[in-house]
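Under full-length UniProt numbering, think of the first position of the sequence shown as 1, with each following residue one higher.
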Amino acid sequence: MYFIALATDYDGTLAHEGIVAEKTIAALERFKKSGRKLILVTGRELPDLKRVFPELGLFDKVVAENGALIYTPASEEERTISPAPAPKFVAKLKKHGVKPLSVGRSIVATWEPHQATVLEVIKNLGLELEIIFNKGAVMVLPSGINKATGLAAALEDLKLSPHNVVGIGDAENDHAFLQACGCSVAVDNALAAVKDTADLVTRGARGKGVEELIEKLVKRDRELVRKRRDGILLGSVGGDEVYLTPTDTVLIAGSSGIGKSTLATALTERFVESGFQFCIFDPEGDYDGLEGAVRIGDGSSAPTKAQVLDLIDKPDTNVVVNGLALRVNERPDFFADLLPGLGSFRFRTARPHWLVIDEAHHLLPKKRDDTRAVLSLELPGTVLITVHPEAISTDALRLVTAVIALGPKAKNVIKAFCRETDTKPPKDIPSPKGERVLFWRPQTRKKIAMVKAIEPRQSLKRHSRKYAEGQLDEAGSFYFRGPDNAMNLRAHNLLIFAQIAEGIDDGTWEHHLRAGDYSEWFRHQIRDKELARETAEAEKDEKLSAQESRKHVLDAVRRRYTAPATAPEE
Numbered sequence: 001m002y003f004i005a006l007a008t009d010y011d012g013t014l015a016h017e018g019i020v021a022e023k024t025i026a027a028l029e030r031f032k033k034s035g036r037k038l039i040l041v042t043g044r045e046l047p048d049l050k051r052v053f054p055e056l057g058l059f060d061k062v063v064a065e066n067g068a069l070i071y072t073p074a075s076e077e078e079r080t081i082s083p084a085p086a087p088k089f090v091a092k093l094k095k096h097g098v099k100p101l102s103v104g105r106s107i108v109a110t111w112e113p114h115q116a117t118v119l120e121v122i123k124n125l126g127l128e129l130e131i132i133f134n135k136g137a138v139m140v141l142p143s144g145i146n147k148a149t150g151l152a153a154a155l156e157d158l159k160l161s162p163h164n165v166v167g168i169g170d171a172e173n174d175h176a177f178l179q180a181c182g183c184s185v186a187v188d189n190a191l192a193a194v195k196d197t198a199d200l201v202t203r204g205a206r207g208k209g210v211e212e213l214i215e216k217l218v219k220r221d222r223e224l225v226r227k228r229r230d231g232i233l234l235g236s237v238g239g240d241e242v243y244l245t246p247t248d249t250v251l252i253a254g255s256s257g258i259g260k261s262t263l264a265t266a267l268t269e270r271f272v273e274s275g276f277q278f279c280i281f282d283p284e285g286d287y288d289g290l291e292g293a294v295r296i297g298d299g300s301s302a303p304t305k306a307q308v309l310d311l312i313d314k315p316d317t318n319v320v321v322n323g324l325a326l327r328v329n330e331r332p333d334f335f336a337d338l339l340p341g342l343g344s345f346r347f348r349t350a351r352p353h354w355l356v357i358d359e360a361h362h363l364l365p366k367k368r369d370d371t372r373a374v375l376s377l378e379l380p381g382t383v384l385i386t387v388h389p390e391a392i393s394t395d396a397l398r399l400v401t402a403v404i405a406l407g408p409k410a411k412n413v414i415k416a417f418c419r420e421t422d423t424k425p426p427k428d429i430p431s432p433k434g435e436r437v438l439f440w441r442p443q444t445r446k447k448i449a450m451v452k453a454i455e456p457r458q459s460l461k462r463h464s465r466k467y468a469e470g471q472l473d474e475a476g477s478f479y480f481r482g483p484d485n486a487m488n489l490r491a492h493n494l495l496i497f498a499q500i501a502e503g504i505d506d507g508t509w510e511h512h513l514r515a516g517d518y519s520e521w522f523r524h525q526i527r528d529k530e531l532a533r534e535t536a537e538a539e540k541d542e543k544l545s546a547q548e549s550r551k552h553v554l555d556a557v558r559r560r561y562t563a564p565a566t567a568p569e570e
């Protein structure tokens, strides 16, 4: 589920003439049983609310006094988030004959037409107070306090994001908190101004409208996700913007070094701008230094499940889980151990809103037969990044709702996805032109779009420790075999490469040198064009002895990757 909580106004929304109907209470109970949270957001004072609404205990949080007071029914804890009314202010109002006059923990309330008198007293005393109207009611609160600030405080207690809250109301004082919610709803009896700004207007009035909304949320809450409000811009096609939604499962695939991580970086920038929490699983250290995120793990220390769950518990913290210290065969076990706890956390909070799983064929490999057991039924808000879509768990691929294929082999990505998921392939699969990518939603019958994708503002340097100290897979490693294939020495990183290179005989060294094997590996696996260029110079210079060429190549490697750092990494 995407919407975890319902925040509802009381008078005119949940209640009619102060009373909540039995059917509405039954709907609230059904909503709670679905595992979601209830938040009451009202202008009423707490003692009055308790008197008229005995079922207040259904709610996880109550925002009373138009945002000034936070109440937790389960513990009966009360917390004000604004100061108490100044006694001189209340005394002056009484002296000027303002009746009726209600004084709460922070709010002072009366009715029209006393607003002129209230405003005059505020000015005369030089107080920083605001007047808020609610269908004839005149509420006075400290400046900056309203239902939106109260809801924000309640959500902070619950560790929920406003993206995952549906708000419903009817009057002027509901505007602020409704617009703060991921989806805003007006009941049919709401003021025209509230209806005009709401995402949805119910057919029913008051409690019937709330019942109607609850029915939609319990059965199909994803239909309430608004593309342009919660969507993440992917790019454009002929001036039309293309969005991903936080309920999508996205596959980003293409050849090695073609820009998959660059696109993912651009998406994380959009997540930050929109206030979405994200967590990146980064097996090879490609996202170190990513703006707006905290990294755990590095080339020498592996991340732990406890660290991940502890960090994502903080709604404002984005996380990069660096798996460089994990061996390739350890990564699937680490992820399989983490995923159930992560899935449970997401079920309760809908956070992190986005999971980015790089090298997804390592973390969710097809060859594991327990992947189905560790997967939840869905992977909403998930981005799977891979060079090998055919090597990802078929169960995971079948959850994909959007495919993004990059590079000259983009057609093969679409074909491999269709083959692995038994999906009917589209009739025409174009080749992406220039820097465009292919975008396709498999569940629709729409054609594949050629999208000009967004670009990141930041430029991530590929993390040198990944190649210096990490563990490249078998396909990515370098093998010293010699002219007669007499050896099979595997270098799974540059540190091991340098150690083996120093120890092998001249014949083996020169065999690979003259074949151009070193520059080829640096260019395609280490993805360092400059190192490949410098190495190619030595490979082509037949005047260099084995000792000289070896020194030339290894000096270039050490200078870039394995020499001690002389300054902090940027």
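In this text, a Cβ means the ideal position worked out from N, Cα and C, and glycines have one as well. All of these numbers come straight from a predicted model, not from anything done at the bench.
For secondary structure counted as the alpha helix (DSSP H) over 4 or more consecutive residues, the stretch 258–294 holds these complete runs in sequence order: 260–274. In this chain, the alpha helix (DSSP H) harbouring LYS551 covers 546–557. Annotation for PRO142: the continuous beta strand (DSSP E) segment containing it runs 137–142.
In the three-state reduction of the DSSP assignment, PRO432 falls in the coil class, being assigned neither a helical nor a strand state. In this structure, DSSP gives TYR2 a state outside helix and strand, which the three-state scheme calls coil. If you draw a straight line from the Cα of ALA86 to the Cα of LYS32, it is about 39 Å long.
Between LEU363 and ARG398, the C-beta gap is not smaller than 7 Å, which leaves the two residues out of contact.
Secondary structure note for ILE392: it is in no beta strand (DSSP E), with a DSSP letter that is neither H nor E. With a 10 Å radius around the Cβ and a threshold of 16 neighbouring Cβ atoms, ASP221 comes out buried. For GLY407, the closest C-alpha among the options GLU390, LYS433, ASP422, ARG419 is that of LYS433.
In its chain, beyond the 5 residues on either side, ALA86, PHE89 have a beta carbon closer than 7 Å to the beta carbon of LEU127. Secondary structure note for THR72: its beta strand (DSSP E) is the uninterrupted segment 69–72. Contiguous beta strand (DSSP E) elements confined to the stretch 113–169 occur at 129–134, 137–142, 165–169, taking only those with 3 or more residues. Between ILE168 and LEU224, the beta carbon gap of about 11 Å keeps them out of contact (Cβ cut-off 8 Å).
Bounds of any beta strand (DSSP E) do not take in ALA515, whose DSSP letter is neither H nor E. For the pair ILE312 and PRO352, the CB atoms are nearer than the 7 Å cut-off.
In the structure shown, ARG226 falls within a coil segment according to DSSP collapsed to helix, strand and coil. Here the stretch 4–11 makes contact with the stretch 38–52; the two share three or more CB pairs at distances below 8 Å. Residues TYR467 of the same chain have their beta carbon placed closer than 6 Å to that of ILE526, with the five preceding and five following residues left out of the count. Three or more beta-carbon pairs separated by less than 8 Å are not found between the stretch 284–303 and the stretch 185–193, which leaves the two stretches without contact. Within the DSSP secondary-structure output, TRP111 pairs in a beta bridge with ALA137.
Looking at the DSSP output, HIS16 sits in a beta bridge with ILE19. DSSP, read as helix, strand or coil, puts GLU78 in strand. Membership of ALA253 in any alpha helix (DSSP H) is not indicated; the residue belongs instead to the beta strand (DSSP E) covering 249–254.
Per DSSP, reduced to three states, the secondary structure at PHE478 is strand. Taking THR386 as the centre and dropping the five residues before and after it, the same chain places the C-beta of ALA253, GLU359, ALA360, HIS361, ILE392 closer than 7 Å to its C-beta, in chain order. Per DSSP, the unbroken alpha helix (DSSP H) holding VAL308 starts and ends at 305–312. Under the 10 Å beta carbon count, ILE280 is surrounded by 16 or more other beta carbons and is classified as buried. GLN458 and GLU273 do not touch by the CB rule: their CB atoms are close to 13 Å apart, not below 8 Å. In its chain, beyond the 5 residues on either side, GLU390, THR394, LEU397 have a beta carbon closer than 6 Å to the beta carbon of GLU420. Under the 10 Å beta carbon count, LYS92 is surrounded by 16 or more other beta carbons and is classified as buried.
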